[in-house]
Each structure stands twice: as structure tokens, then as C-alpha cells.
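Q:
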Amino acid sequence: MFTNMVHALWQQFPTINRKLNDLTQYLATTVHSGNAEIDQQVTGLLTSGGKLLRPGLFYMFAQLGPVQDAKRQRAAAAAIELLHVATLIHDDVLDDAELRHGQPTLQVRHGNKTAIYTGDFLFTSYFDEILKATDSHAEIQSANDIMRFILAGELNQLALNFDPQPTVTDYLTEIEGKTARLFGFAMKFGVAISKGTSSEAKVAQQIGIALGMAYQIRDDILDYVANPSTATKPVRHDLREGVFTLPLILASQNEPDWFAQRLQDQQHLSDDAIQTITQRVIDSNGPKRAEQLAQQYTEKARSLIATLPEPLATQLTALVSQLLVRHA
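If you use the working numbering, the sequence shown closes out at 328, no skipped numbers anywhere.
1) When the Cα atoms are used, what is the spatial distance from Phe127 to Phe61?
2) Roughly how many whole angstroms lie between the Cα atoms of Met1 and Ile16?
3) For Met5, report the span of its alpha helix (DSSP H) as first-last.
4) For the segment 182 to 198 against the segment 268 to 280, do three or more pairs of beta-carbon atoms, one drawn from each stretch, fall closer than 8 Å, so that the two count as touching?
5) Are the segment 139 to 151 and the segment 257 to 264 in contact at 8 Å, needing three or more beta carbon pairs?
6) Measuring only the C-alpha atoms, how far is Thr105 from Ala97?
7) Put Arg218 into one of helix, strand or coil per three-state DSSP.
8) Classify Pro247 as helix, strand or coil using the three-state DSSP reduction.
9) Going by DSSP, what residue range makes up the alpha helix (DSSP H) through Asn21?
10) Under three-state DSSP, which class holds Thr307?
11) Can you say whether Gly119 is buried or exposed, counting buried as having 16 or more other CB atoms within 10 angstroms of its CB?
12) Along the chain, where does the alpha helix (DSSP H) containing Trp258 start, and where does it finish?
13) Any idea what DSSP makes of Arg100, helix, strand or coil?
14) Is Leu53 closer than 9 Å to Leu323 when the C-beta atoms are compared?
15) Would you mind reading off the limits of the alpha helix (DSSP H) that contains Phe162?
16) Out of Ser270, His90, Val243, state which residue places its alpha-carbon closest to the alpha-carbon of Tyr117.
17) For the alpha helix (DSSP H) containing Gln315, name the first residue and the last one.
18) So, using beta-carbon positions, are Glu154 and Ile221 closer together than 9 Å?
19) Using only alpha-carbon positions, find the residue among His101, Ile274, Asp39, Gly65 that is nearest to Phe121.
20) Of all the alpha helix (DSSP H) runs that stay within the bounds of the segment 118 to 171, which reach a length of 4 or more residues?
21) For Thr24, which residues from the same chain have a beta carbon less than 7 Å from its beta carbon, with the 5 sequence-adjacent residues on both sides left out?
22) Let me know the secondary structure DSSP gives His90 once reduced to three states.
23) Taking the alpha carbon of Ile274 as the reference point, which residue from Asn254, Ala294, Glu241 has its own alpha carbon closest?
24) For Ala36, I'd like the list of residues in its chain whose CB is within less than 6 Å of its CB, leaving aside the five on either flank, ordered along the chain.
25) Would you kindly report the start and end of the unbroken alpha helix (DSSP H) that includes Pro334?
26) Nearest-angstrom Cα distance between Glu174 and Gln63?
27) Using 8 Å as the Cβ pair cut-off and three pairs as the minimum, do the segment 294 to 306 and the segment 207 to 215 touch?
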């Protein structure tokens, strides 16, 4: 029997907290690959260490509609988290990540091939849960579309790795696909599953995309400004892997030649180069300028949230305030 394993973020919302705790128990039953050791590790990823942010947002918006089917909602929430974790497993392979939630990653323990196939297996589990959640062809198509957006975003990131002249447009397209669209889908799907209105679903998706954009930009800022000795995850990792995010892109606008010279034809950056580039990004106010754009997305989300009915508007405002000041 599980105790409450849900992140403290949700304790201020007792109903959502209860549903996420139930979801955590349910997720522990969804992975059956035939390999007990891998099933145990994947179940650990699904049931501990994460905020369950996307399922939580789904549940918040599932309050809007008149149809409250607990089993369908749980299946939908499970699908969203399964998709998220599948992409994390693949990300860890691409990034050569050694730890996830403080534990050795799948590819460290079992190798890249096993990790890739495990992520693929979770994609099938995602669709299993989608089919439990809805009979609507339009909603199933939407679930398929979001998977396409995420994978396209990851492909875009790969194509731009070590690009010495990254653009803001490329970056925003990439993070919308790989991060923000899933936020938008989770919130829109909550409205759809509860049979809310099409206008409510549209606003939910818009809020989710704006929230996801701000969330990812601030996460990328943290990669430059966080103290490595106190950060909860590895820092400078994106730069080391040739993923040039918004703080660097904006800093390079001031000194394009300096950055191009150091990034050109570099498939590996030394520790000294990473330290030098990081300091230049900070000195050029790259993180501060990126924060300004994150704030624009935050304000867009807040203005849309203000149009929602109570108590959802107040709940979501409180949640956004916690999420989007975490890197200040």
C-alpha cells in the first residue's frame, strides 16, 4: 500500500493531491514489458521523484466540464505521464545522462539499446491508456498529434546541435514542440475528457503553451546561473552537449563573431571552454534578457487564467506563481 508520494507542490490542492496519489498507485500497475528488473526501474521513474506536473494540470482543467468519470480521467492522466517519461528516457540516451531523480539512468544500467526500446514500449502504453480514456476519434487524433509535435521538437534540437549561429526563432520552435505543446495538450485534454466547451479547451491549450514556454526558458536560464554545488540536476549540461539555448543565443547577438569563433565546428567543448562561454553569456546579460521573454509568456498565461471561472483561476494563479519564480 502506498503512502502519499505526491510532490509537496500539490498539497495546497487537496482534491488534486488525492487524485495524483491515486494516479501514482495506478501507474505502478501499468508497466509490463516482460523484464522484471526494467519494469521495476521504470515504475520507479513513474511513481517517485517527479512533480507529476502535467497530470496535475490535466486534473485541474478536468474540473471544468460536467462529466466527471474518475476512471477515464485517471487513464488520461496516466497516458500523459507515460508519454512524458518515455521522452525522458530517450532524452537521457541522447544526452548521455548518468542520473535521473538521483538514480542511475536506464542506459547506464542496461545500455542504450534497452533504454531506447523501453521508451518505445512506454509509447505503446501511452496509447493503451488513451484508448481507455476516450472513444472520440478527434481526441485520439489529438493524442497522436502531440506525440508527433514532441518528436519533431527533439529532431529539431538534434539538427541544431553545435550550430554556431542559433536563432531565437529556431529555439522557440524547438521548445514549443518538445515541452510547451505537452503542457497545452494536458490542459486541453482535461477539458475534453470532462466534456467542457470548445472555447474552454482552446483557452486551456493557450495557457498550457504559454506556461510551458516560460517553464522551459527558466529551466534553460538555470543551466547558466545555478550553483553546481547546490543545483538539483547537472548544470552546463546543454552547453556541453551542443544545445545552445536562449541565454546564449541572446548573448551572442551582442558579440556574434566571438561566439561563432568558439562554437564553430566544435563537436566537443572542453571544461575550460564551457567555463569561458558561460561567463561570457552571464556578462552579456543573456540570462537576464531570457528572463524578460519568460516573463512575457508568464504574463500571457496569467492574463488568460484571469478569464477562467473560480476556483480554477485562483488555484492556477497560485500554482503558476510557485512554478515560474523557482529560478529567480
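By construction, the Cβ of each residue, glycine as well, lies at the ideal position given by its N, Cα and C atoms.
Since we're looking at a predicted model, the values are computed, not measured.
A: On the basis of the supplied data:
1) Indexing the sequence shown from 1 puts residue 127 at position 127. Indexing the sequence shown from 1 puts residue 61 at position 61. Straight across, the Cα-Cα distance linking Phe127 with Phe61 is about 21 Å.
2) Here residue 1 refers to the residue found at position 1 when the sequence shown is read from its first residue. Here residue 16 refers to the residue found at position 16 when the sequence shown is read from its first residue. At Met1 the pLDDT is 41, less than 50, meaning the model places this residue with poor confidence; the figure from the coordinates comes in the next sentence. Each residue's CA atom was taken as its position, placing Met1 and Ile16 some 19 Å apart.
3) Here residue 5 is taken as the residue at index 5 of the sequence shown, counted from 1. Boundaries for Met5: no alpha helix (DSSP H) harbours it, and the DSSP string shows neither H nor E there.
4) Result no; under three Cβ-Cβ pairs closer than 8 Å.
5) Fewer than three Cβ pairs drawn from the segment 139 to 151 and the segment 257 to 264 lie within less than 8 Å of each other, which leaves the two stretches out of contact.
6) Indexing the sequence shown from 1 puts residue 105 at position 105. Indexing the sequence shown from 1 puts residue 97 at position 97. For Thr105 and Ala97, the distance between alpha carbons rounds to 7 Å.
7) Within the sequence shown, the letter at position 218 stands for residue 218. Three-state DSSP puts Arg218 in a helix.
8) Here residue 247 refers to the residue found at position 247 when the sequence shown is read from its first residue. Helix, per DSSP.
9) Translated into the one-based positions of the sequence shown, residue 21 becomes position 21. 14 to 27 is the extent of the alpha helix (DSSP H) around Asn21.
10) Here residue 307 is taken as the residue at index 307 of the sequence shown, counted from 1. Correct three-state label for Thr307: coil.
11) What you label residue 119 is simply residue 119 of the sequence shown in a count that begins at 1. Gly119 should be labelled buried.
12) Locating residue 258 in the sequence shown gives position 258, counting from the first residue. Unbroken alpha helix (DSSP H) run through Trp258: 256 to 263.
13) Along the sequence shown, one-based indexing puts residue 100 at 100. Of the three classes helix, strand and coil, the one that applies to Arg100 here is strand, per DSSP.
14) Here residue 323 corresponds to residue number 323 of the sequence shown, with the count starting at 1. Here residue 53 corresponds to residue number 53 of the sequence shown, with the count starting at 1. Yes.
15) Taking the first residue of the sequence shown as 1, we reach residue 162 at position 162. Looking at the DSSP string, Phe162 is not in any alpha helix (DSSP H), and its letter there is neither H nor E.
16) As a first step, residue 117 must be located in the sequence shown, where it is residue number 117. Residue His90 is the option with its Cα nearest to Tyr117.
17) Taking the first residue of the sequence shown as 1, we reach residue 315 at position 315. Start and end: 312 to 323.
18) Residue mapping note: residue 154 aligns to position 154 of the sequence shown, counting from 1. Residue mapping note: residue 221 aligns to position 221 of the sequence shown, counting from 1. For Glu154 and Ile221, no; Cβs fall outside 9 Å.
19) As a first step, residue 121 must be located in the sequence shown, where it is residue number 121. Among His101, Ile274, Asp39, Gly65, the Cα nearest to that of Phe121 belongs to Asp39.
20) The segment 118 to 171 contains these whole alpha helix (DSSP H) runs: 137 to 160.
21) Here residue 24 refers to the residue found at position 24 of the sequence shown. Excluding sequence neighbours, Thr24 sits near Phe2, Met5, Val6, Thr47.
22) One-based indexing of the sequence shown puts residue 90 at position 90. In the structure shown, His90 sits in a helix (DSSP, three-state: H, G or I).
23) For the purposes of this step, residue 274 is taken as residue 274 along the sequence shown, with counting starting at 1. For Ile274, the closest of Asn254, Ala294, Glu241 by C-alpha to C-alpha distance is Glu241.
24) For the purposes of this step, residue 36 is taken as residue 36 along the sequence shown, with counting starting at 1. Cβ within range, chain order: n/a, list empty.
25) Residue coverage of the chain in this structure runs from 1 to 328, which leaves residue 334 outside it and unanswerable.
26) One-based indexing of the sequence shown puts residue 174 at position 174. One-based indexing of the sequence shown puts residue 63 at position 63. Cα-Cα distance, rounded: 31 Å.
27) Taking a cut-off of 8 Å on C-beta distances, the segment 294 to 306 touches the segment 207 to 215, as three or more cross pairs fall below it.
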